[in-house]
Amino acid sequence: MARTDGRPPVDQQLREAAARLGRRRFLTATSAAAALAFTTNLPSAHAADAELAPRSLKENPFTLGVASGDPLPDAVVLWTRLAPRPLEPGGGLPPAGAVRVEWEVARDERFRRTVRRGTARAYAEFDYSVHVEADGLDADRVHWYRFRVGDWTSPVGRTRTTPADGRRTEQVRLGLVSCQAYEDGYFTAYRHLAGEDLDAVFHVGDYIYEYAVDAAGGDRRYTDRTLPALYNHETATLEDYRLRYSLYKSDPDLQAAHAAFPWYVTWDDHEVENNYAAGIPEKGQSPEAFVARRAAAYRAYWENMPLRMPKPEGTDLRLYRRFQYGRLAQFDILDTRQYRSDQANGDGWQYPTPESEDPSRTLTGATQERWLLDGLRRSRAVWNVLPQQVVFSRRKNTTAERSKLSMDAWDGYPAARERILAGIERLGVENLVILTGDVHVAYALDVKRDFDDPASRTVGVEFVGTSISSDGDGAAKPANWSTLTAANPHMKFYNGLRGYTTVTLTPEHARADFRTVSHITTPGGTLATAASFVTEAGNPGLREV
Ligand SMILES: [Fe+2]
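Letter by letter, the sequence shown follows residues 2 to 546 of this note's numbering.
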């Protein structure tokens, strides 16, 4: 891509920096940071970039919709990205420059009572993404927002601030979504989600997949359009990852779900590569090349998500973070991918070994683990909610005493799980609700103090949400349904259709409604509720209702 400021393109900067440093140093060295994704070229450094005249935009730049996220009592992040031709490299805008974008927030959908407005700049350096912190808002209420460039106005988004800190709140309704492989089917679940009455949505990872997408959009089997050939390979460069977000965000159902609610997002593996661990690739790449790839993937993720401006360091992007929802809930959003020890025993489903049970292994990294336990210790919320990626509870895949376990999930990091469980017991943490994705099926699980002992105390619950689209239509009872439910008595529910989960918290109970979609490989799938479970505050344990 041609540039005007004499700097090499970002991908080249990353490769060069990676080549100079070993992986460990590369990840931490501040000297590397200067060359890397986020610390260079922050928008403020680009005030001199030539500003494009808004009226020079001859095509609608708002093709990727709008989004909001990370709401606070008085603020919310508003997002959009300008891309008149989203499926072309560069999105149809010049490779350098900036565009002035106006934004406004109102108390009503028709923008008669505007409460905040301002301007932001979208920079080529960040793929013309816009992240606005709209602050000074009233707590605990719905707001509407939109953007404008020249004569073009974006779709209207609806968002919601959270209750004032410490405020007694009667209810919060949350969506739980994950795993949306574009090529596996339509985002019909999002169309239904957009029609729910929710306060916020948690996305717990696999927002994109890195695999090749063919001209027909894989199992979408398009007959009315042909996707460009540049999608038909695995993502590796910054341009690849950016284009992949453009493809996903062009989907009208996904746009509808973003426009309907604020989202709290976190990633899992496919935003970079299947089953990577910290700086270690799944296969076939040098650590240096992989870390450069990871930095490109993280940057594209940040560009495309409604995240508050992070303070990134080098190739890392801190994503774990904490929110309060009045006195009703504390959300500790985890990142179990960026700091984890490599999967033990060669990954996959394996028998536990001294390697997997090594107490030095970590899924969160020591810093995040301390941050989590410290936050739980200080929590004054009724519900302690942990949106995170991989299944926390034990899952045996045979009724025999000895069973293989998933080395990629918490089962592959039992010492790390035990430190969390022991901490919860020591701190007297009540009302733990873990929200999980990753596995493309739905489970409801009692979290046991000791998964080896079914009679041990239930210390919380885990709701595992199924995928939006990954793995195609699915089946209500997958082939291993009987085995898994028999082998894991703490598993109260298992369903393998696509869909999403709604989680309702009140001072008295937490409730999950497992919504399923009849089919997704063709449009028009219908919605059903497969099951609903509650757990009472102060009395953990799932009951079907
Ligand atoms: Fe997934």
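Heads up, the beta-carbon is just placed ideally off N, CA and C, and yes, glycines get one too.
For ligand 1, I want to know if residue i counts as a neighbour, meaning its beta carbon is within less than 6 Å of at least one of the ligand's heavy atoms.
i, result
"residue 207", "yes"
"residue 471", "yes"
Since residue i and residue j should fall inside the 8 Å C-beta cutoff, what is the C-beta to C-beta distance between them, to a whole number of angstroms?
i, j, result
"residue 460", "residue 385", "Actually they are not in contact, since the Cβ atoms of residue 460 and residue 385 sit about 11 Å apart, beyond 8 Å."
"residue 528", "residue 536", "About 24 Å; that fails the 8 Å criterion."
"residue 204", "residue 264", "6 Å"
"residue 55", "residue 101", "6 Å"
"residue 98", "residue 52", "7 Å"
"residue 368", "residue 320", "Not quite, the Cβ-Cβ distance comes to about 13 Å (not below 8 Å), so this is no contact."
"residue 340", "residue 366", "3 Å"
"residue 140", "residue 106", "Their Cβ separation, rounded to whole angstroms, is 14 Å, which puts residue 140 and residue 106 out of contact at 8 Å."
"residue 493", "residue 534", "7 Å"
"residue 351", "residue 405", "6 Å"
**Q.** Meets three-Cβ-pair contact criterion under 8 Å: the segment 410 to 418 and the segment 174 to 192
**A.** no
Q) Residue ranges of each alpha helix (DSSP H) run of no fewer than 4 residues wholly in the segment 131 to 157, ordered along the chain? A) none
Q) Given 8 Å as the limit, is there contact between the segment 211 to 222 and the segment 235 to 254, that is, 3 or more CB pairs closer than that? A) yes
Q: Count the C-beta pairs between the segment 165 to 176 and the segment 186 to 202 that are closer than 8 Å, then say yes if the count reaches three, no if not.
A: yes
**Q.** Length at least 3, wholly inside the segment 366 to 431: the beta strand (DSSP E) runs in chain order
**A.** 384 to 388
Q: May I ask you to verify whether the segment 68 to 87 touches the segment 149 to 165, counting CB pairs closer than 8 Å and requiring at least 3?
A: yes
Q: Could you tell me which uninterrupted alpha helix (DSSP H) segments, each at least 4 residues in length, are contained entirely in the segment 222 to 288, listed from first to last along the chain?
A: 239 to 250, 253 to 261
Q: Inspect the CB distances between the segment 221 to 232 and the segment 276 to 296 and report whether three or more fall short of 8 Å.
A: no
Q. Looking at C-beta atoms only, is the number of pairs between the segment 80 to 94 and the segment 319 to 332 that lie closer than 8 Å three or more?
A. no
Q: Specify whether the segment 481 to 492 and the segment 135 to 146 touch according to this definition: at least 3 beta carbon pairs, one from each stretch, less than 8 Å apart.
A: no
Q: Determine contact between the segment 441 to 460 and the segment 495 to 503, defined as no fewer than three beta-carbon pairs at a distance below 8 Å.
A: yes
(Q) To test your reading of the DSSP string, which unbroken alpha helix (DSSP H) runs of 4 or more residues are found completely within the segment 164 to 201? (A) 189 to 195
Q. Residue ranges of each beta strand (DSSP E) run of no fewer than 3 residues wholly in the segment 439 to 525, ordered along the chain?
A. 443 to 449, 459 to 465, 492 to 506, 510 to 518
**Q.** Segments of 3+ residues assigned as beta strand (DSSP E) that fall wholly inside the segment 60 to 124
**A.** 67 to 70, 77 to 82, 99 to 107, 115 to 124
Q) Are the segment 89 to 96 and the segment 119 to 136 touching, with three or more C-beta to C-beta distances below 8 Å? A) yes
Q.
Taking 8 Å as the cut-off, does the segment 423 to 439 touch the segment 485 to 493 (at least 3 CB pairs, one atom from each stretch)?
A. no
Q) Can at least three beta-carbon pairs, one atom from the segment 400 to 414 and one from the segment 462 to 480, be found at a separation below 8 Å? A) no
Q) Hey, which unbroken runs of the beta strand (DSSP E) at 3 residues or more fall wholly within the segment 288 to 349? A) 322 to 326, 330 to 334
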